[in-house]
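Engineer: The following block contains the structure, expressed as structure tokens.
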Amino acid sequence: MLISRQWVQRLLDRTNPTWTVTDEELDAGYVRVGFETEGYAPIEETTGPLVIGRIESIEELTGFKKPIRHCMVNVGDANGTGELQSIVCGARNFAEGDLVVVSLPGAVLPGNFAIAARETYGRMSAGMICSAAELGLTDKQTKGIITLPEGIADPGTDAREIVGLEDTVFDVNITPDRGYALSARGLTREIASAFDLVYKDPAQDALELFDLQAPEVDGALDRTVNVQPETKARRFGLRAVRGIDPSKESPLWMQRELLLCGQRPVNAATDVTNYVMLLLGQPMHAFDGDKINGDLSVRLAQEGEKLRTLDDVERELHSEDVVICDDSGIQSLAGVMGGSTSEISDTTSAVYFEAANWDPITVARTSRRHKLSSEASRRFERGVDPALIEVALDLACALLLDIAGGSVDRGRLIVGDTPAMPNISMSAQRPGQIAGVDYSDATVVSRLEEVGCAVEASDGMLSVTPPTWRPDLRMPADLVEEVVRLEGLEDIPSIVPTAPAGRGLSASQRRRRAIGHALAYNGYVEVLPTPFIANDVFDVWGLDADDERRKTVRVQNPLDADYAVLGTTLLPSLLDAIKRNVARGEKDVTLFGIEQVTIARGEGRSPMPSTAQRPSDEEVENLLNSLPLQPLHVATVACGLIDHHGPWGEGRAYTYADAIESAQVVARASDVQLDVVAAEQLPWHPGRCAALKVGDQVVGYAGELHPQVLERAGLPQRTCAMELNISALPFAPSAPAPVLSAFPLLLQDVALVVDEDVPSEKVRRVLEEHAGELLEKVELFDVYRSESLGEDKKSLAFALSFRATDRTLTDDECTEAKMAAVEAAQKAVGAQLRA
Numbered sequence: 001m002l003i004s005r006q007w008v009q010r011l012l013d014r015t016n017p018t019w020t021v022t023d024e025e026l027d028a029g030y031v032r033v034g035f036e037t038e039g040y041a042p043i044e045e046t047t048g049p050l051v052i053g054r055i056e057s058i059e060e061l062t063g064f065k066k067p068i069r070h071c072m073v074n075v076g077d078a079n080g081t082g083e084l085q086s087i088v089c090g091a092r093n094f095a096e097g098d099l100v101v102v103s104l105p106g107a108v109l110p111g112n113f114a115i116a117a118r119e120t121y122g123r124m125s126a127g128m129i130c131s132a133a134e135l136g137l138t139d140k141q142t143k144g145i146i147t148l149p150e151g152i153a154d155p156g157t158d159a160r161e162i163v164g165l166e167d168t169v170f171d172v173n174i175t176p177d178r179g180y181a182l183s184a185r186g187l188t189r190e191i192a193s194a195f196d197l198v199y200k201d202p203a204q205d206a207l208e209l210f211d212l213q214a215p216e217v218d219g220a221l222d223r224t225v226n227v228q229p230e231t232k233a234r235r236f237g238l239r240a241v242r243g244i245d246p247s248k249e250s251p252l253w254m255q256r257e258l259l260l261c262g263q264r265p266v267n268a269a270t271d272v273t274n275y276v277m278l279l280l281g282q283p284m285h286a287f288d289g290d291k292i293n294g295d296l297s298v299r300l301a302q303e304g305e306k307l308r309t310l311d312d313v314e315r316e317l318h319s320e321d322v323v324i325c326d327d328s329g330i331q332s333l334a335g336v337m338g339g340s341t342s343e344i345s346d347t348t349s350a351v352y353f354e355a356a357n358w359d360p361i362t363v364a365r366t367s368r369r370h371k372l373s374s375e376a377s378r379r380f381e382r383g384v385d386p387a388l389i390e391v392a393l394d395l396a397c398a399l400l401l402d403i404a405g406g407s408v409d410r411g412r413l414i415v416g417d418t419p420a421m422p423n424i425s426m427s428a429q430r431p432g433q434i435a436g437v438d439y440s441d442a443t444v445v446s447r448l449e450e451v452g453c454a455v456e457a458s459d460g461m462l463s464v465t466p467p468t469w470r471p472d473l474r475m476p477a478d479l480v481e482e483v484v485r486l487e488g489l490e491d492i493p494s495i496v497p498t499a500p501a502g503r504g505l506s507a508s509q510r511r512r513r514a515i516g517h518a519l520a521y522n523g524y525v526e527v528l529p530t531p532f533i534a535n536d537v538f539d540v541w542g543l544d545a546d547d548e549r550r551k552t553v554r555v556q557n558p559l560d561a562d563y564a565v566l567g568t569t570l571l572p573s574l575l576d577a578i579k580r581n582v583a584r585g586e587k588d589v590t591l592f593g594i595e596q597v598t599i600a601r602g603e604g605r606s607p608m609p610s611t612a613q614r615p616s617d618e619e620v621e622n623l624l625n626s627l628p629l630q631p632l633h634v635a636t637v638a639c640g641l642i643d644h645h646g647p648w649g650e651g652r653a654y655t656y657a658d659a660i661e662s663a664q665v666v667a668r669a670s671d672v673q674l675d676v677v678a679a680e681q682l683p684w685h686p687g688r689c690a691a692l693k694v695g696d697q698v699v700g701y702a703g704e705l706h707p708q709v710l711e712r713a714g715l716p717q718r719t720c721a722m723e724l725n726i727s728a729l730p731f732a733p734s735a736p737a738p739v740l741s742a743f744p745l746l747l748q749d750v751a752l753v754v755d756e757d758v759p760s761e762k763v764r765r766v767l768e769e770h771a772g773e774l775l776e777k778v779e780l781f782d783v784y785r786s787e788s789l790g791e792d793k794k795s796l797a798f799a800l801s802f803r804a805t806d807r808t809l810t811d812d813e814c815t816e817a818k819m820a821a822v823e824a825a826q827k828a829v830g831a832q833l834r835a
């Protein structure tokens, strides 16, 4: 919000007459109470003679493309002669006898605009009659020059102090939860806290502030208002002023504050509504009373209704928009902008002032829906004080009456009551406990009262009722924040608190960390998979319509419309990473990722219980059951060479066996036994795909991806992948630390001939299970095929490692254990010992 230093100082001078502040101090004051400023800028200086002048005569010049006037202006003795000053001017908003601001030759206006005497339009022009923009009060074009009230000063008086050119405009950044600060009322309250000043609320003595009398309210308004409940309008107020002089302009002091706050003066009635909004924070709207037909109603718009707003744009309304109507149609888009039908014009003599309190969410949605952000909508979105309706209406009527004459209808129509604020209970010690600073109970109470709260203290507990202008104060944490920021955030010590003793990482956290370390140690590079996947990825893979992986959750407002679903698998994101790396010239890539996937349950939509009370146990259960499953997955993808070419020999390509081994790396890190079984599962190649099982449960798949999938996806041929559900893995039971033996290892080799279709892993498992307690491990080191073995036969060579913890083993002991294992293999898979 833009606000001038002088306005803040004038409001605070009422109770602090000796207080002064520099621009730097005021800027620091805003920051001290939690408001950043985008900067501040003094009004650019005007040097040289700038004086008050009186228009003595006006000659209308003709024969030019635009209206031109030759004026004779009384500037007193400021020109050194006392004679009338000849000035040519194109503005039309002044008449003979008006007091104006005149820059004489030798003056330099903002923008380094020097004033000199020169002949123009056939007349000598020795000076300029100034507008607000020319004096640096605004960067916007205004409709004419500045006119001053009669008696403010004599001609020839220096105009700087009268116009208020020695001032600074601050641009204060208002956070969304502090809507009350979008007003001089709110910002002066904060500055009073920053400098420990006495604060008097302008809303409590608004009429006295301008030395005005309160309009009487002991009558009924000539119109009624029907506010429909579905609009969620909280309060609605209406008051009328009749018989005003439409030619009267707002006084200079009002126009000046509007200009410095970024508002353009329009006419007396509109300027009054804008000034009241900037002073108190209550947006208002002024209707031309002669253009309102019948009673008013506040309702929801009907789909397809249209309204031409004040910005001269015809808008098609939505069924959730709230509108204000009379018997002839829609007159205003509530909380956002009025309609052009009842706009204040140069002939308006009767004005209806409307002040309301609208639902913030409704206004926000309407504003965004129509791409129409206004000063009113900015305030309603953040929350407006509902108790301001009466004050704003009375002040607006009194100001317009003082400016343009007329009379105020005695009736004041108000619909709705000011809602009660919630009561918050909090320990007086809580702010100090959270901030780590010793705040006394009295300090906490005084700071809460400073922001407008009603506080009752009893036995160290506080019962706090926030003021109506602070809807953001809803819980004890909000009150703590107020105390801490007003006491000074800079006083909070920068001490890291001691962490309470804990039990370390959980079992699932330790397992996740172990898996990541193990894969990294085995040459895989970690990437962070995005949760979003392409909408058509499963079509590219050719998955069946009923495949479980198609149970995706769709995002309502995706960052990218082509990636609008949450992934049920990590592979799409990792394969996209492979594709990007290959496109950038990196042909040999091995990646892994660990992340949650999202699997929809039910219809993929959650029920919406009422917020009026706590949901029932059944509603809570239904809500929880509707949430998607989010198991933790790990995946690896790779292409190219795993062992590179070099002096040591030829390189080796990454194969499906390496993908399966990456699953075994995960299994060993998780301390689980993983079974590998041939399987068919897209997007893997049917002949090079393995199902990964723990017991009877399939927990993942690994292997080489299907060539057609790779071709459609634009991926390198022979790309391999593995994905495993970590959440489905059992946790290994706690076991004592292993005992390391100091005795030597004894190796025994055995070669077994089996049928071609017998998996080598199955044979290894049989040997491992039946070789006795002395066996440490069994490893396959050779596979041999030849005609001498027979058709559809193969020889599997295993290395069996034996070791005892208490002695050195003999060959006979190991041979006996080996032969027991061979006998078991013969019975289990028909294995024959190879000679």
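Residue numbering for the sequence shown follows the UniProt record's numbering, beginning at 1 and increasing consecutively. All C-beta atoms, glycine included, are put in the ideal place defined by N, C-alpha and C. The structure presented is a predicted model; accordingly, all values stated were derived computationally and were not measured.
(1) What first and last residue would you give for the alpha helix (DSSP H) that runs through residue 453?
(2) Apart from the five residues just before and just after residue 155, which ones in its own chain have a Cβ nearer than 6 Å to its Cβ?
(3) Going along the chain, which residues of its own chain have a beta-carbon closer than 6 Å to the beta-carbon of residue 728, five neighbours each way excluded?
(4) Note down, one range per segment and in chain order, each alpha helix (DSSP H) of at least 4 residues found wholly within the segment 121 to 203.
(5) Would residue 4 and residue 260 qualify as a contact pair, given that the criterion is a beta-carbon distance under 8 Å?
(6) Can you tell me which of the three DSSP states residue 439 falls into?
(7) Could you tell me which uninterrupted beta strand (DSSP E) segments, each at least 3 residues in length, are contained entirely in the segment 22 to 93, listed from first to last along the chain?
(8) Any heavy atom of the ligand NAD closer than 7 Å to the beta-carbon of residue 119?
(9) Excluding the five sequence neighbours on either side, which residues of its own chain have a C-beta within less than 8 Å of the C-beta of residue 658, listed in chain order?
(10) In the DSSP output, which residue or residues are listed as bridge partners for residue 782?
(11) Which residues in the same chain as residue 667 place their Cβ atom closer than 6 Å to its Cβ, once the five residues preceding and following it in sequence are excluded?
(12) Please state whether DSSP places residue 633 in a helix, a strand or coil.
(13) Report buried or exposed for residue 413, applying the criterion of at least 16 other Cβ atoms within 10 angstroms of its Cβ.
(14) By how many angstroms is the C-alpha of residue 804 removed from the C-alpha of residue 829?
(15) Taking only runs of the alpha helix (DSSP H) that begin and end inside the segment 540 to 612, which ones reach a length of at least 4 residues, in chain order?
(16) Hey, residue 677 and residue 690: beta-carbon distance below 8 Å or not?
(17) Return yes when the Cβ of residue 278 is within less than 8 Å of the Cβ of residue 183, no when it is not.
(18) Please identify the residue among 777, 794 and 778 whose C-alpha is closest to the C-alpha of residue 784.
(19) Classify residue 28: buried if its beta carbon has 16 or more other beta carbons within 10 angstroms, exposed otherwise.
(20) Apply the 10 Å Cβ neighbour rule to residue 381 and answer buried if 16 or more other Cβ atoms are within range, or exposed otherwise.
(21) Enumerate, from N- to C-terminal direction, the unbroken alpha helix (DSSP H) stretches of 4 or more residues contained entirely within the segment 332 to 407.
(22) For residue 425, name the three-state secondary structure that DSSP assigns.
(23) For residue 278, would you say it is in contact with chain D, using Cβ-to-Cβ distances shorter than 8 Å as the test?
(24) Report the partner residues of residue 324 according to the DSSP bridge assignment.
(25) Kindly indicate the opening and closing residues of the beta strand (DSSP E) around residue 725.
(26) Based on Cα-Cα distance, which residue from 49, 204 and 705 lies nearest to residue 130?
(27) Looking at the structure shown, is residue 256 part of a helix, part of a strand, or coil, going by DSSP?
(28) In terms of alpha-carbon separation, which member of 747, 831 and 751 lies closest to residue 813?
(29) Check whether the Cβ atoms of residue 383 and residue 283 sit closer than 8 Å, and answer yes or no.
(30) Below 8 Å on the Cβ atoms is my guess for residue 281 versus residue 242; work out the distance and round it to an integer in Å.
(31) Label residue 79 either buried or exposed according to how many other C-beta atoms from any shown protein chain fall within 10 Å of its C-beta, with 16 as the threshold for buried.
(32) Return the bridge partner residues of residue 664 from the DSSP annotation.
(33) Do you know whose CA, among 204, 12, 767 and 681, lies nearest residue 395's CA?
(34) Run through the UniProt domain "FDX-ACB" (741 to 834) for me and flag every whole beta strand (DSSP E) of 3 or more residues, listed as ranges in chain order.
(35) Does the segment 516 to 523 come close enough to the segment 223 to 240 to have 3 or more Cβ pairs within less than 8 Å?
(36) Tell me, to the nearest whole angstrom, how far the beta carbon of residue 330 is from that of residue 339; I am working on the premise that it is less than 8 Å.
Structural biologist: Per the coordinate set shown:
(1) Against the sequence shown, residue 453 aligns to sequence position 453. First-last for residue 453: undefined, no H or E at that position.
(2) Reading the sequence shown from its first residue, position 155 is the one you call residue 155. Closer than 6 Å at the Cβ level, and outside the excluded window around residue 155, lie 52, 53, 54, 74, 75 and 76.
(3) Position 728 of the sequence shown holds residue 728. Only 699 meet the Cβ criterion.
(4) 160 to 163 and 184 to 194
(5) Residue mapping note: residue 4 aligns to position 4 of the sequence shown, counting from 1. Residue mapping note: residue 260 aligns to position 260 of the sequence shown, counting from 1. It is a contact, given that the beta carbons lie within the stated cut-off.
(6) Taking the sequence shown and counting its residues from 1, one reaches residue 439 at position 439. DSSP places residue 439 in coil when its eight states are reduced to three.
(7) 37 to 42, 50 to 61, 68 to 74 and 85 to 89
(8) Judged by which ligands are present, the structure shown has none, so any question about the ligand NAD falls away.
(9) Along the sequence shown, read from residue 1 onward, the residue named residue 658 stands at position 658. Excluding sequence neighbours, residue 658 sits near 638, 642 and 720.
(10) As a first step, residue 782 must be located in the sequence shown, where it is residue number 782. Answer is 797, bridged to residue 782.
(11) On the sequence shown, position 667 is the one that residue 667 refers to. Contacts found: 674.
(12) Mapped onto the sequence shown, residue 633 falls at position 633. In the structure shown, residue 633 sits in a strand (DSSP, three-state: E or B).
(13) In the sequence shown, the residue the question calls residue 413 occupies position 413. That one is buried.
(14) Counted from its first residue, the sequence shown places residue 829 at position 829. Counted from its first residue, the sequence shown places residue 804 at position 804. Whole-angstrom Cα-Cα distance: 29 Å.
(15) 571 to 583
(16) As a first step, residue 677 must be located in the sequence shown, where it is residue number 677. As a first step, residue 690 must be located in the sequence shown, where it is residue number 690. Yes, the Cβ-Cβ distance between residue 677 and residue 690 is below 8 Å.
(17) Locating residue 183 in the sequence shown gives position 183, counting from the first residue. Locating residue 278 in the sequence shown gives position 278, counting from the first residue. Yes. Within cutoff.
(18) As a working mapping, residue 784 is identified with position 784 in the sequence shown. Nearest of 777, 794 and 778 to residue 784, Cα basis: 794.
(19) Taking the sequence shown and counting its residues from 1, one reaches residue 28 at position 28. Exposed, because fewer than 16 other Cβ atoms sit within 10 Å of the Cβ of residue 28.
(20) For the purposes of this step, residue 381 is identified with residue 381 of the sequence shown, where counting begins at 1. So residue 381 ends up on the buried side.
(21) 360 to 369, 375 to 382 and 389 to 404
(22) Indexing the sequence shown from 1 puts residue 425 at position 425. In the structure shown, residue 425 sits in a strand (DSSP, three-state: E or B).
(23) Of the protein chains in this structure there is only one, and it is not chain D.
(24) Start at 1 with the first residue of the sequence shown, and residue 324 comes out as number 324. DSSP, once it has assigned bridges, lists 298 and 332 as partnering residue 324.
(25) On the sequence shown, position 725 is the one that residue 725 refers to. Start and end: 720 to 725.
(26) Within the sequence shown, residue 130 is the residue found at index 130, counting from 1. For residue 130, the nearest C-alpha among the options comes from 49.
(27) Within the sequence shown, the letter at position 256 stands for residue 256. Correct three-state label for residue 256: helix.
(28) As a position in the sequence shown, residue 813 is number 813, starting the count at 1. For residue 813, the nearest C-alpha among the options comes from 747.
(29) To locate residue 383, count along the sequence shown from 1; it is residue 383. To locate residue 283, count along the sequence shown from 1; it is residue 283. No; because the gap between Cβ atoms is not below 8 Å, this pair is not in contact.
(30) Here residue 281 corresponds to residue number 281 of the sequence shown, with the count starting at 1. Here residue 242 corresponds to residue number 242 of the sequence shown, with the count starting at 1. That pair is no contact at about 27 Å.
(31) Indexing the sequence shown from 1 puts residue 79 at position 79. The residue in question, residue 79, is buried, as its Cβ has 16 or more Cβ neighbours within 10 Å.
(32) For the purposes of this step, residue 664 is taken as the residue at position 664 of the sequence shown. BP columns for residue 664 are empty, so no partner.
(33) As a working mapping, residue 395 is identified with position 395 in the sequence shown. Of 204, 12, 767 and 681, the residue nearest in Cα terms is 204.
(34) 746 to 755, 775 to 784 and 793 to 802
(35) no
(36) Within the sequence shown, residue 330 is the residue found at index 330, counting from 1. Within the sequence shown, residue 339 is the residue found at index 339, counting from 1. Sure, about 6 Å apart at Cβ, within 8 Å.
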